[in-house]
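Each remark here refers to the structure printed beneath this line.
Residue numbers (our numbering): 17 to 221.
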């Protein structure tokens, strides 16, 4: 039974990879959506289009400014990887806009890391294998062995510190308010990707 389930999951992962794009292709897609006042995903509306516009600006800024410390960068460059990193996302996702540029910077350091992007709503079978507390939360990173397609680790939808902030707030107030979401954006701006870098270094050894 486990063998059958494993085979099914690997096929779902392969289907996702077949339907994936590079980070550069994703950035181009988001820009096209912005130019057309639109967004990715099955639901298209003005609010999601506005989030997409904001996220494009965020990613553009982080693509230019994210810095990986020299020690961490050297360690990643000289480590042997044979991994495929699949991130599940949509253009309107605020957390993804802060996390994806950092992941891309790390992946660029080593040719053994193949970073691919898939859209959640176009890959529901894949998303449903990697739920967070039963929810289709994004951005969700899946780290695979490139050869065997075995899942090595998963990450997301938020950096560890942001996850704690969100969980604590939900426990206290029941749901996330617009004010909290604004505070979370400020946290991302101050953190400058450092938590994502530390989380991933711990994850990949």
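C-beta: ideal position from N, C-alpha, C; glycine also.
Once you ignore the five residues that flank residue 68 on each side, which residues in its own chain have a CB closer than 7 Å to its CB?
Same-chain partners within the cutoff: 46, 49, 50, 55, 107 and 108.
Contact set for residue 17: own chain, Cβ-Cβ below 7 Å, skip 5 residues either direction
Confidence at residue 17 is low in this model, with a pLDDT of 46, below 50, so the placement of that residue should be treated as unreliable; the coordinate-derived value is given next. No residues qualify anywhere along the chain.
State buried or exposed for residue 189, treating a residue as buried only when at least 16 other CB atoms are found within 10 Å of its CB.
It counts as exposed.
What are the complete beta strand (DSSP E) segments, minimum 3 residues, inside the segment 114-180?
The segment 114-180 is shown to contain whole beta strand (DSSP E) runs of 3 or more residues at 129-135, 156-161 and 167-171, in chain order.
Within a Cβ cutoff of 6 Å, which residues of the same chain sit near residue 142, ignoring the five residues on either side of it in sequence?
Excluding residues within five positions, the ones whose Cβ falls inside 6 Å are 28 and 32.
Where does the unbroken alpha helix (DSSP H) through residue 101 begin, and where does it stop?
No alpha helix (DSSP H) holds residue 101; the beta strand (DSSP E) holding it covers 99-105.
Can you grab the Cα-Cα spacing for the pair residue 174 / residue 20, in whole Å?
About 31 Å.
Check whether residue 105 and residue 156 have beta carbons under 9 Å apart:
In this structure, residue 105 places its C-beta atom within 9 Å of the C-beta atom of residue 156.
Sub-9 Å separation of residue 126 and residue 162 beta-carbons
Not in contact: residue 126 and residue 162 (Cβ atoms no closer than 9 Å).
In angstroms, rounded to a whole number, what distance separates the CA positions of residue 176 and residue 110?
Straight-line Cα distance between these residues: approximately 16 Å.
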